[in-house]
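> In the working numbering, the protein residues as written are 3 to 856. We put the CB at the ideal spot given by N, CA and C, even for glycine. The model shown is predicted, which means the values in this text are computed figures rather than measured ones. After the structure tokens below, expect a handful of questions from me.
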Amino acid sequence: MNSGGERLGAGDEGGNQPASGQERGVSPTVGIILLFGMVLIGASVVALAGMALVDDLQTSTSDEQGEQVLRQVDHDIASEKGAIELLNDGGYNITDEGRINVSVTTWSGTRCTLLNESMGTLRSQRSDGSTIAHQAGGLFQKTDSGSRVLSGPDIRYYTTEAGGEEVNGVQLSLTDLQGTAGSGTHRASYERASSDACTDEVNEATEIELTVDGSPYHQGWAQFFNSTFGDTHVTYDGSQQKVTATASLGAAQPFESFIDLDPTIYGGLYAEETGPIGDRLTVDRYDGSVGWDGTDPDNITEDLFITNESLALEGTGTVDGVPVANGQLTGVPGADVTTVGYATAFDVSSFGDDTQTGTPLYNVTGTYPADVYGAKLDTTFAPIPSIDANISRAITTIDQQNPTRIDDPLSVPSGESTALYRPNGNGRIGAGQIDTIDTSGGTIHIGASNGANFDGVTVTGDGQAHVYVDGPITLTDVTIDDERARSLWVYGTEDATIKIEGKFHGVLYAPGSEVTIEEDAEIYGAVVGGETDIGGDATVHFDRTLRTDVPIPQANRGLEIPHPGERKPVDVMFALDRSGSMELYQYEYVGRNWIEPSFTGRFRVHPSERFSVDVRGSGGVRTVEPGESGVIEPGDETRVGCHSCDRQFVYISTQNDPSGQRIDATRAFVGQMKPGDKAGAVEFNRYASPLTDRLYTHSNFDDFNESLEANANGGTYIGAGIDEALEYYDPTDDSEKIMIVLTDGRNDGRDEDGSETRELAGDAATDNVTIYTVGLGDERDIDEELLMDIADITGGNYTHVSNASELNELFRNIGEDVQERNMTALSVNSFESTADWSNEFAIEVRTTTVTIDD
3 MNSGGERLGA GDEGGNQPAS GQERGVSPTV GIILLFGMVL IGASVVALAG
53 MALVDDLQTS TSDEQGEQVL RQVDHDIASE KGAIELLNDG GYNITDEGRI
103 NVSVTTWSGT RCTLLNESMG TLRSQRSDGS TIAHQAGGLF QKTDSGSRVL
153 SGPDIRYYTT EAGGEEVNGV QLSLTDLQGT AGSGTHRASY ERASSDACTD
203 EVNEATEIEL TVDGSPYHQG WAQFFNSTFG DTHVTYDGSQ QKVTATASLG
253 AAQPFESFID LDPTIYGGLY AEETGPIGDR LTVDRYDGSV GWDGTDPDNI
303 TEDLFITNES LALEGTGTVD GVPVANGQLT GVPGADVTTV GYATAFDVSS
353 FGDDTQTGTP LYNVTGTYPA DVYGAKLDTT FAPIPSIDAN ISRAITTIDQ
403 QNPTRIDDPL SVPSGESTAL YRPNGNGRIG AGQIDTIDTS GGTIHIGASN
453 GANFDGVTVT GDGQAHVYVD GPITLTDVTI DDERARSLWV YGTEDATIKI
503 EGKFHGVLYA PGSEVTIEED AEIYGAVVGG ETDIGGDATV HFDRTLRTDV
553 PIPQANRGLE IPHPGERKPV DVMFALDRSG SMELYQYEYV GRNWIEPSFT
603 GRFRVHPSER FSVDVRGSGG VRTVEPGESG VIEPGDETRV GCHSCDRQFV
653 YISTQNDPSG QRIDATRAFV GQMKPGDKAG AVEFNRYASP LTDRLYTHSN
703 FDDFNESLEA NANGGTYIGA GIDEALEYYD PTDDSEKIMI VLTDGRNDGR
753 DEDGSETREL AGDAATDNVT IYTVGLGDER DIDEELLMDI ADITGGNYTH
803 VSNASELNEL FRNIGEDVQE RNMTALSVNS FESTADWSNE FAIEVRTTTV
853 TIDD
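Structure representation (structure tokens):
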């Protein structure tokens with residue numbers, strides 16, 4: 003029978019123990035609660051033990067009425083009715099008759115009793131001397147020749163499917179009645195009680211045993227157990243009035259299911275705390291399912307360095323990765339982070355929010371541009387707890403299973419899927435004791451109660467090895483075929499001292515421990531430790547298939563911070579207009595009297611002249627000082643500004659760059675460039691010609707500057723300059739390719755509609771060349787639409803300047819833009835958990851007490 007009691011305790015927690023394509027079960031810790039019965043599904047146990055029917059019941063009814071009354075009592079109790087009626091003359095009485103014991107056995111052989119109660123039985127004496135009894139929810143009849151079951155207790159043994167596997171289950175609902183019997187209607191009350199018995203053992207249960215002992219109805223119980231569990235699962239001793247049923251629970255579970263280890267792997271390196279970072283630390287990631295390939299950029303990118311407290315970066319400290327701190331992130335000028343640092347606090351004010359996510363951003367080092375950018379976490383992340391209890395359980399369980407003593411090489415015996423090992427003697431794995439761990443046959447578990455020293459160990463095969471260590475750990479040059487880090491898991495306690503030196507392939511999982519990563523150590527896998535000392539130039543290559551969780555909230559991922567990390571080298575080409583409008587100064591006569599000049603248009607007074615020039619037109623008189631420019635319209639007149647002078651000659655120019663300031667600006671531009679950059683130049687009118695014979699490297703920029711000269715003659719064809727400049731780039735170079743095109747006019751005599759020039763701009767875009775265009779002089783003389791189109795097609799910018807004196811500043815601004823245009827935008831969307839193992843089972847045991855009064 004099933005009672006409708008409330009569920010007072012249970013839990014569902016997923017286990018994330020990585021296991022080479024194999025699921026494992028992890029059982030949560032659940033209180034044992036007693037409620038009218040016990041239910042077990044798979045590896046779930048719910049125990050019921052209804053307690054107490056108290057009253058004075060009396061007899062005198064027919065045999066048929068007595069049996070029917072007991073069936074009605076059974077129904078009323080199951081329904082938790084408040085009133086129970088017993089008819090007269092039933093010969094009723096209540097007494098304890100025998101005991102029922104329910105116990106479980108774990109994978110390691112540990113046995114624990116869930117329930118051991120006397121069975122209060124309501125009996126009805128029949129006229130022929132036989133007895134009808136309600137015991138534990140079943141009806142039994144006893145005669146002089148023995149007993150039999152009329153209707154069995156609600157105990158069911160069955161098979162169901164869970165997680166794609168067939169699992170065995172047991173369901174029990176038992177009642178216990180106490181008091182004295184009497185006729186009439188009685189009030190019933192139900193009181194639930196709880197117990198925490200066998201919590202750990204129930205979580206690991208693989209077998210349940212039910213024993214009925216001392217019951218006068220033992221033959222009926224044996225009959226019922228045989229029909230429920232099968233006679234092969236039942237033992238019966240009539241002389242002792244004892245019957246026992248034994249049933250397996252759940253499905254066969256691997257060893258690790260009972261250790262209940264659920265690792266949290268955030269990223270490549272997790273430390274409870276660490277000292278200031280004063281050297282280079284690299285944390286990147288790769289796909290362990292395909293192995294390490296340092297030449298494949300698609301297989302490698304930065305990964306997480308996590309600390310549960312604050313993190314300080316010294317001026318010589320560099321983190322090639324993403325620091326994440328459950329505290330304050332600080333840094334001084336000279337520190338470097340290749341991406342961005344996350345933290346819950348900063349010692350500087352935010353300079354604004356990220357445009358994509360709204361995350362507050364910080365200039366951690368206070369430099370410009372920032373040496374280290376920071377982003378604030380919306381919430382803290384959960385610290386990783388100690389696993390000391392799990393390690394103790396693992397070592398104890400291994401010891402109880404008569405493990406194999408370590409004898410190199412370690413392997414899984416033929417026909418088995420799991421092998422258990424422990425060291426000889428004092429429980430310590432000594433240096434050189436193990437050379438090879440062969441997991442080809444399955445999973446290997448090693449328990450070491452007094453420390454471990456792995457030196458030169460090689461792990462082979464497609465399985466896994468798990469090493470549980472209580473004591474100090476040393477890991478030196480431990481390697482795995484194809485860097486499949488999940489093949490080796492080394493677990494340590496929080497009081498352990500651990501050292502990693504040379505190469506280590508695998509996972510060190512020792513939350514709270516004291517870890518030293520030696521200088522130049524190279525780790526393929528992951529490290530989880532406590533207080534961690536990180537040596538210079540240490541490297542952690544994180545196998546991203548290990549990740550179970552991400553410490554960065556979803557709302558803070560996907561930042562778009564332009565980060566000033568190491569940019570690509572820049573190859574820049576200058577295409578400079580040398581048409582006649584760029585000509586040098588001409589010597590023009592200007593006297594004290596007003597005269598009509600021989601030209602119209604823009605002109606410039608030489609900066610070395612002592613006097614200004616007056617221009618008189620319809621709008622009045624305009625004065626142009628030495629070094630300034632002006633415009634002469636048709637009909638205008640000019641004279642020297644010195645009105646008392648008898649006669650003067652003044653150097654004036656009708657051209658846009660008569661002093662060759664475009665050359666000075668070009669030289670200033672290359673002065674901003676960095677080692678690894680290259681520069682070259684061509685000039686053009688209607689044709690193009692080289693100013694330099696190649697792209698000069700940074701060390702040869704002096705030669706580049708000497709090659710530049712300002713020439714001026716002929717018409718204009720902008721496309722000629724672009725076409726010539728494109729020939730200088732090497733398409734095989736992984737460099738940022740930039741072109742600066744300077745002109746003061748428009749195409750004339752060729753391609754006047756600009757169609758050819760736009761096609762050449764398309765060729766530049768195909769070659770990943772970005773073109774910045776500059777229009778110099780009077781806007782009316784410049785084909786600005788064409789110059790804008792060239793810039794748009796290639797992803798550059800167009801800028802207009804009125805005179806050559808502005809070129810220096812403009813070129814400097816373009817140079818700054820080039821320096822930052824390929825600074826990477828950080829995105830952390832790819833930091834996702836990949837491990838998803840879950841085969842959990844819940845354990846519940848419940849009890850309700852029923853009291854029946856007059």
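1) I want to know whether the region 209 to 220 touches the region 135 to 154 - three or more CB-CB distances under 8 angstroms.
2) Going straight from the alpha carbon of D410 to that of D281, what length do you get?
3) Taking only three categories from DSSP, how would you classify F686?
4) Would you mind sorting S610 into buried or exposed? The rule is 16 or more other CB atoms within 10 Å of its CB.
5) Between I134, G376, V324, which lies nearest to T552 when the distance is taken from Cα to Cα?
6) Just to confirm my understanding: we take V292, look at its own chain, exclude 5 residues before and 5 after, and list those with CB closer than 6 angstroms. What are they?
7) Mind checking whether N707 and R669 have CB atoms under 8 angstroms apart?
8) Compute the Euclidean distance between the alpha carbons of N310 and T112, then round it to the nearest angstrom.
9) Which class does H802 belong to by DSSP, given the choice of helix, strand or coil?
10) Considering only C-alpha positions, which residue in the set D769, G453, A540, P555 is nearest to A512?
11) The beta strand (DSSP E) spanning L179 covers which residue range?
12) When you compare the region 341 to 358 with the region 313 to 330, are there three or more beta-carbon pairs, one atom per stretch, that lie closer than 8 angstroms?
13) Report yes if the C-beta distance between D746 and A690 is below 8 angstroms; otherwise report no.
14) Give every residue of the same chain whose Cβ lies closer than 6 angstroms to the Cβ of T775, excluding the five residues on either side of it in the sequence, and list them in chain order.
15) If Q466 and T441 are in contact, beta carbons under 8 angstroms, what's the gap, nearest whole angstrom?
16) Starting from Q143, follow the beta strand (DSSP E) in both directions and report where the run begins and ends.
17) Roughly how many angstroms lie between the CA atoms of I436 and A314, to the nearest whole one?
18) Could you tell me how far apart the beta carbons of D286 and D322 are, in whole angstroms, since I believe they sit closer than 8 angstroms?
19) If you reduce the DSSP assignment to three classes, tell me which class L59 lands in.
20) Assign F383 to one of three DSSP states: helix, strand, or coil.
21) Just how far apart, CA to CA, sit G538 and T759?
22) Once you ignore the five residues that flank A224 on each side, which residues in its own chain have a CB closer than 7 angstroms to its CB?
23) Do R486 and G290 come within 8 angstroms of each other at the CB atom, strictly closer than that value?
24) With DSSP as the reference, please indicate the residues paired to S644 in a beta bridge.
25) Nearest-angstrom Cα distance between K680 and V542?
26) What residues in its chain sit with their C-beta under 6 angstroms from that of K501, if we drop five residues either side in the sequence?
27) Is the beta carbon of K739 less than 8 angstroms from the beta carbon of D573?
28) Under 7 angstroms Cβ to Cβ from T382, same chain only, skipping five residues before and after it: list those, please.
29) Give the range of the beta strand (DSSP E) segment to which W223 is assigned.
30) DSSP three-state call for L788: helix, strand or coil?
31) Out of V617, T699, G756, point me to the one whose CA is closest to V592's CA.
32) Rounded to the nearest angstrom, what separates A763 and E808 at their Cα positions?
33) In this structure, what does DSSP give as the bridge partners for E503?
34) Compare the beta carbon distance of I536 and G508 with 8 angstroms and say whether it is the shorter of the two.
35) Candidates E418, N404, S416, V414: which alpha carbon is nearest N426's?
36) Which of the three DSSP states, helix, strand or coil, is assigned to L251?
With the structure as the only source:
1) yes
2) 39 angstroms
3) strand
4) exposed
5) Looking at the sequence itself, residue 552 is Val, so the reference to Thr does not match. The candidate whose alpha carbon is nearest that of V552 is V324.
6) none
7) yes
8) 38 angstroms
9) strand
10) G453
11) Careful: L179 lies outside any beta strand (DSSP E) and carries neither H nor E.
12) yes
13) no
14) V743, L789, I792, A793, Y800
15) 6 angstroms
16) 140 to 145
17) 39 angstroms
18) 7 angstroms
19) Low per-residue confidence applies at L59: pLDDT is 36, beneath 50, and the placement is therefore not dependable, though the value from the model is reported in the following sentence. Three-state DSSP puts L59 in coil, outside helix and strand.
20) coil
21) 54 angstroms
22) V236, Y238, V245
23) yes
24) Per the sequence presented here, residue 644 reads as Cys, with Ser not at that position. According to DSSP, which records beta bridges pairwise, C644 is partnered with nothing at all.
25) 34 angstroms
26) T476, T518
27) yes
28) N328, T346
29) It is not in any beta strand (DSSP E) - W223 instead sits in the alpha helix (DSSP H) that spans 220 to 231.
30) helix
31) V617
32) 26 angstroms
33) T478
34) no
35) N404
36) coil
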